[in-house]
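Asks: Residue numbers (the numbering used here): -1 to 947.
Just passing along the structure, written as structure tokens.
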């Protein structure tokens, strides 16, 4: 059971992998992982299967998936490994390789991947070397190394891709569904090449590792020798501070190395390197440190080398070795050497290995091709011979069987030969049986012909259609009346048609059940079948009534005679009547449903048109208005234009428009003439509010309708007002903020620049404090507006003594204003159920406005008294007053009375708005009366509480 489930799971995975984007995604993941984490063959030479993944995607899923796989793999490699300039040439080489494979595949659809790839690298060998050396001026060994490296990796990838593709195309969703085949020659060729290539790859990689390991030992041995010589000179005091520079030069000349001496503080005492002077610190990160043990060999690690830049690395490599110190050695001794004298041998190892691999791969393919054909040729001849075996049997030809020296192939040829002999014997037997059967058919035909003549004489004169049917359901008799009735010729029916093909209604099984209800009388029994129809030649159906007689001819033989009458005329009248009644009923139902649907759609459309806030007008192509909603009348007040010309509406609107260069009449005519299909504009309408409207006009092309274009009017007055208020807010708040901030900054700078007397400092600090409070008050007002607009203002309600609040506010203003605040109270307790702080805020706003807007007055009166339901508070000033046209906008946010004659009066225009909102939240009212030049009186009315809590 577990094996079955595992097999089902494997089949499901294979099925999903055949989906192109899933298979490509898996190939991208595998290719990217192998590119980011390559397998190291030997130092600096790494193996990746990125191009193999791209070739598999190209072959299995097409060019797009192949190039997508190639691009994504290289992008991921750049992201995770980092961009390296030399990778551009590598990417270009693989890109050209992919294009070559695409062209090869389009020319030879089932061609071998490894052959195509090998041809590409062989063809490109000399052009690339010529271009790199003679045109780009590169070292020829560097060009050969990089080309051989990319070519070997590319051909090995192509070999892997070919094996994967061949495996995949022969693996179906199920074993019984596998249809993909591969020539045996290609299989033999590919696996011979694969064996040779991978064995050579392993052996040459191991040999290269061995040679590089020997180079490691040689470098380490030379540096140890130099280190021991330097330590010995130091211990014997041949090297002193006076002759250090001469000894550094001597070591470089005799030993071919540079010596660095460090003291106990790790600073340089002497150095044979021109780039490192005495007293400097030695940066060990610039060198590869050689140790005495073999745990950190310099040649067998590729952590810092990626892809094909290994030769450049060896050219620039420098190594440092720290000598073993004795008790007498006064300094730490480091031996430094570069790779110049070892580089030719190292370069030879890399080039020899890659050239050998390139040659082995090409040679193996050259040798494997004829070898595979030699091994497979007997099987190919056997295949061709077995394919021609049927033709030889029919022509009595003699097969020529091939022979082979391969034991298994020769056994297969023998077995097939035996099978062919058996088939030949069976073919001869079938031929003889066929001739015998033809003779029997001829005799039976003669008997049937004689019987036909007898029956024909009996049924020729029948006025009913007669059809005789044997026990198998085949028609054996079909008289002339039946031919006329069914529109079929006798020759087309006899022994060619079964009786159920001529009727529909009662089945053969149902008719047999009807017959079984009766007993045989003299070997016969019959029944009459109604509600059955005949089928004519043209497929038309007609009603019939027939009598079926079952006759027993023998023990196991039965004949059925059908006597058929066409009752079309009898049933046609009844059917027509029923059909007409049903059609009429259906038509009435459809008409009713259509009427209801049209009415419902009309109601929905009208409700939608009337519910939108925009004004809608639609006209047909002749300019007659077909749709206009109520909003148009509300916007313009021009009357009902339904059914009138669109030009009449345009002319009526134009007479009330204040916007220059706006002519709705001309725009409407442009739409009617087909000169314009879309317009979007704005205009100002001359009504009380000077409303701003946006107009959207668009041509309407409704199939089967006569609609011309649509006009949409949108009232933007409110939006314009909000924009204006926003601009006023920015202007006022910026001005009001700038003034106290500028004052504070000015006094602070004076105090910082000069040593002022204490009295003057206190005066400045008082001014700074006053301006800070003013700034804080302005910010509090702005925050209060936000809370009030969002209904987030919190009130702490209690019973507040209004007289004390008014007197306190008056006293504060008396201290700083030119006017005198007089408080007048009449009978009453004057306790209000309110938020004390908010009431103080209202009083400050009202008294402050009275002070600001009465610059030439000497007094302000505040009066309190009680009425039956209200606590009343009036604040009266004797200032400039409020003009009549400004009274309706006085309590709007950011609105300020036009005080052009009093430029010194400041303010933000939000105090009265906040005060009115606070009073209204306390269930009260805030109103005013005013006369220009005489002053204003603001009236606060708060509800009176009958019982104190």
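For each residue, glycine too, the CB sits at the ideal point set by N, CA and C.
Computed from a predicted model, the values in this text were never measured in an experiment.
Quick check: what's the CA-CA separation for residue 648 versus residue 592?
Replies: Cα to Cα, residue 648 sits roughly 37 Å from residue 592.
Asks: Given residue 937, which residues of its chain have a CB within under 6 Å of its CB, disregarding the five upstream and five downstream residues?
Replies: Correct list, in chain order: 872 and 925.
Asks: Output the boundary residues of the beta strand (DSSP E) element that contains residue 334.
Replies: Start and end: 330 to 336.
Asks: May I have the straight-line CA-CA distance separating residue 928 from residue 796, to the nearest angstrom?
Replies: Rounded to the nearest angstrom, the two C-alpha atoms are 33 Å apart.
Asks: If I follow the unbroken beta strand (DSSP E) through residue 545, where does it start and stop?
Replies: Taken as a continuous stretch (DSSP letters only), the beta strand (DSSP E) holding residue 545 covers 539 to 550.
Asks: Are at least three pairs of beta-carbons, each pair with one atom in the segment 246 to 258 and one in the segment 330 to 348, less than 8 Å apart?
Replies: Touching, per the Cβ criterion.
Asks: Specify the secondary structure class of residue 563 as computed by DSSP and reduced to three states.
Replies: Residue state, collapsed to three classes: strand.
Asks: Which residue from 614, 132 and 684 puts its Cα closest to that of residue 639?
Replies: When each option's Cα is compared against that of residue 639, the closest is 614.
Asks: By the DSSP assignment, the alpha helix (DSSP H) with residue 844 in it spans what residues?
Replies: Residues 834 to 850.
Asks: With DSSP collapsed to three states, give me the class of residue 794.
Replies: Three-state result, residue 794: coil.
Asks: Ends of the alpha helix (DSSP H) at residue 808?
Replies: Start and end: 800 to 812.
Asks: Which of the three DSSP states, helix, strand or coil, is assigned to residue 941?
Replies: Strand.
Asks: By how many angstroms is the C-alpha of residue 584 removed from the C-alpha of residue 558?
Replies: Computed Cα separation, rounded: 44 Å.
Asks: Flag this pair as yes or no: are the beta carbons of residue 628 and residue 612 separated by less than 8 Å?
Replies: Contact flag unset, no.
Asks: How big is the Cα-Cα spacing for residue 941 and residue 828?
Replies: Spanning the two alpha carbons is a distance of roughly 11 Å.
Asks: Under 6 Å Cβ to Cβ from residue 305, same chain only, skipping five residues before and after it: list those, please.
Replies: The predicted position of residue 305 is uncertain, since its pLDDT is 41 and thus under 50; a value taken from the coordinates is nonetheless stated next. Here the set comprises nothing.
Asks: Comparing alpha-carbon positions, which option in 686, 654, 618 and 683 lies nearest residue 667?
Replies: With distances taken between Cα atoms, residue 667 lies closest to 618.
Asks: Using only the alpha-carbon positions, how far apart do residue 112 and residue 153 sit?
Replies: Cα to Cα, residue 112 sits roughly 7 Å from residue 153.
Asks: Output the boundary residues of the beta strand (DSSP E) element that contains residue 119.
Replies: Where residue 119 is concerned, there is no enclosing beta strand (DSSP E), although the alpha helix (DSSP H) it sits in stretches over 111 to 128.
Asks: Can you find the residues in the same chain that come closer than 7 Å, C-beta to C-beta, to residue 143, ignoring five residues on each side of it along the sequence?
Replies: The answer, listed in chain order, is 309, 348, 349 and 352.
Asks: What's the C-alpha gap between residue 590 and residue 577?
Replies: One C-alpha to the other measures close to 20 Å.
Asks: Is any beta-carbon of chain D found at less than 8 Å from that of residue 811?
Replies: In summary, chain D is missing from the structure at hand, where a single protein chain is found.
Asks: Could you give the C-beta distance for residue 360 and residue 116, rounded to a whole number, given that I count them as a contact under 8 Å?
Replies: Residue 360 to residue 116, Cβ: 6 Å. Contact.
Asks: With distances taken Cα to Cα, identify the nearest neighbour of residue 213 among 188, 92, 342 and 119.
Replies: Nearest option by C-alpha distance: 342.
Asks: Going by beta carbon distance, what residues of the same chain come within less than 7 Å of residue 551, once the five residues before and after it are set aside?
Replies: If we look at residue 551 and ignore the five residues flanking it on each side, its Cβ neighbours are 557.
Asks: So, are the CB atoms of residue 198 and residue 100 less than 8 Å apart?
Replies: Not closer than 8 Å, so no.
Asks: Taking the beta carbon of residue 106 as the centre, do at least 16 other beta carbons fall within 10 Å, making it buried, or is it exposed?
Replies: Residue 106 comes out exposed.
Asks: Using CA coordinates, which residue listed in 493, 510 and 411 is at the minimum distance from residue 446?
Replies: Cα-wise, what sits closest to residue 446 is 493.
Asks: Would you call the CB atoms of residue 319 and residue 221 closer than 8 Å?
Replies: Yes, these two residues count as a Cβ contact at 8 Å.
Asks: What is the rounded straight-line gap between the Cα of residue 264 and the Cα of residue 328?
Replies: The alpha-carbon atoms of residue 264 and residue 328 are separated by roughly 12 Å.
Asks: Within a Cβ cutoff of 6 Å, which residues of the same chain sit near residue 141, ignoring the five residues on either side of it in sequence?
Replies: Cβ within range, chain order: 127, 130 and 131.
Asks: Put residue 864 into one of helix, strand or coil per three-state DSSP.
Replies: In the structure shown, residue 864 sits in a strand (DSSP, three-state: E or B).
Asks: Three or more beta-carbon pairs under 8 Å between the segment 853 to 867 and the segment 908 to 918, yes or no?
Replies: Flag = no, the segment 853 to 867 and the segment 908 to 918 do not touch.
Asks: Looking at C-alpha atoms only, which residue of 475, 540 and 27 is the closest neighbour of residue 71?
Replies: For the residues 475, 540 and 27, the minimum Cα distance to residue 71 belongs to 27.
Asks: Could you give the distance in angstroms between the alpha-carbon of residue 739 and the alpha-carbon of residue 675?
Replies: Computed Cα separation, rounded: 55 Å.
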